[in-house]
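Under my numbering, the first residue of the sequence shown is numbered 114, with each subsequent residue one higher. Glycine residues also receive a C-beta, built at the ideal position from the N, C-alpha and C atoms. Bear in mind the structure is a predicted one, so any value in this text is a computation, not a measurement. Below is one structure; the comments refer to it alone.
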Amino acid sequence: KFEQRTYLKYCNGAETFYAYDPARRRLQNLMVNAKAGTIMDNAYSYDAVSNVLGIKNNAPLPQSGKAGGQMSHSYTYDPLYRLASATGTYKGTDNKAASYTLSMGYDNMHRITSKKQHLTQSNVQFNGTLNAGYELAYTYGSSEGKKFQLDNVRDINYRTEETPTDSTNINNGHKYTYDANGNLVYINTSRVKKDGKEDEKATEQKYRWDEENRLLAANENGFVSNYWYDADGERTVKTSGENEAIYVNSEFSGGNTGTARFSLYVSPYLVAGQGGKYTKHIYIGSQRIVSKLGDLASYGADPRRIPYAGNEADGLTINYKDKYNQQLQSIKDNYKTFDLP
């Protein structure tokens, strides 16, 4: 009677059961059963203002060699109900175990100023112990109207089988630049090397936007993605290409660019990619219930050989060759903006 979901069954036979607190209608238990048995049995606890205090998975341990296990998470909050800390544990079969701690810091403007996490795991990804974590420090713009605009992040992270020390730390710095509309246009990552010297441009990410603040292209260390939109502002096409360049005595000598990935967003119901692969989504109302994966053989006809649906609409003649040339020129402009061959 509260229109809250109580049961869901997937095509693969997995069943999900939902139980709620009768007084506050908060999720109290979530259980997932599959052919192998119960794979999730989550119990939830809350404070007086409905902040989640804990999540505990009481499902039985899986068989040896199988994925899964028992997990628990605990959360604390500051007087303003912001997440202050979190801890978690995992226990699996074959002596698999893991735990983590997380702490957060904020200023009086509710901006995140620090984030620190440490993870220890044994026999999970490999036989042995792994220690991984990071410590982030955030700074923001100081000028009027930009005080919530992220300016710099100092990133100290590590990943080692031994106890973390200063020698295992990787020191990165991330600097962010924006255009006049507040769109992110550049991220520069610097890195302190083992000899103590700083590589000021270890990696770079560049972004290009149109007059309606829609992302036109992104360049991540030479891997460029291009985007196109329809009249409603919905993304219709995405292409990605890798760049290869040859430098002689630090001077550019030659290079080439090839399309590595292609995605066509035909509608909210169909996404197609190179090689004829596609995903078709089926909905009941606004709820997606099935996603079908297919290839050229399941189209019924080779879509590459289907003629244009028409070159006239509402009395307007559509020149598909001109549209193709415009898109090709747009790609060239993006690469030129990013100073790529």
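Note the first and the last residue of the continuous beta strand (DSSP E) segment covering N447. Where N447 is concerned, there is no enclosing beta strand (DSSP E), although the alpha helix (DSSP H) it sits in stretches over Y433 to T450.
Got a sec? Which residues, its chain only, sit under 7 Å from R118 by beta carbon, not counting five neighbours each side? Excluding residues within five positions, the ones whose Cβ falls inside 7 Å are Y131.
Could you check what DSSP says for Q318 in three-state terms: helix, strand or coil? Secondary structure at Q318: strand, using DSSP grouped into helix, strand and coil.
Whose CA, out of V165, R138, G126 and G201, lies closest to the CA of K148? The shortest Cα separation from K148 among V165, R138, G126 and G201 belongs to G126.
Examine the Cβ distances between the stretch 303-319 and the stretch 394-411 and report whether three or more of them are shorter than 8 Å. No: the two stretches stay apart, fewer than three of their Cβ pairs being nearer than 8 Å.
Start-to-end residues for the beta strand (DSSP E) that takes in F130: Looking at the DSSP string, the run of the beta strand (DSSP E) that includes F130 is E128 to Y133.
What three-state label does DSSP hand L193 in the structure shown? Here L193 sits in coil by DSSP.
Tell whether a beta-carbon distance below 8 Å holds between E274 and L249. Cβ distance not < 8 Å, so E274 and L249 don't count as in contact.
In angstroms with no decimal places, state the Cα-to-Cα distance between A315 and F336. Cα to Cα, A315 sits roughly 15 Å from F336.
For T233 and G201, I'd like the C-alpha separation in whole angstroms. For T233 and G201, the gap between their C-alpha atoms comes out near 11 Å.
For R139, which of A161, G150 and D154 has the nearest alpha-carbon? For the options A161, G150 and D154, the alpha carbon positioned closest to that of R139 is the one of A161.
So for L409, helix, strand or coil by DSSP? If DSSP states are grouped into helix, strand and coil, L409 belongs with the helices.
Applying the 10 Å Cβ sphere with the 16-neighbour rule, what's the burial state of E364? Residue confidence is low: E364 scores 46 on pLDDT, short of 50, so the model does not pin down where it sits. Its coordinate-derived value is still stated next. Answer is exposed; the Cβ neighbour count stays below 16.
Assuming Y342 and T349 are in contact, meaning their beta carbons sit under 8 Å apart, how far apart are those beta carbons, in whole angstroms? With a Cβ gap of about 6 Å, Y342 and T349 count as contacting.
Mark Y382 as exposed unless 16 or more other C-beta atoms lie within 10 angstroms of its C-beta, in which case mark it buried. Y382 is exposed by the Cβ-count criterion.
May I ask you to report which of helix, strand or coil DSSP gives Q387? Helix, per DSSP.
Can you check DSSP and say which residues form a bridge with A161? Answer is none; A161 lacks a bridge partner.
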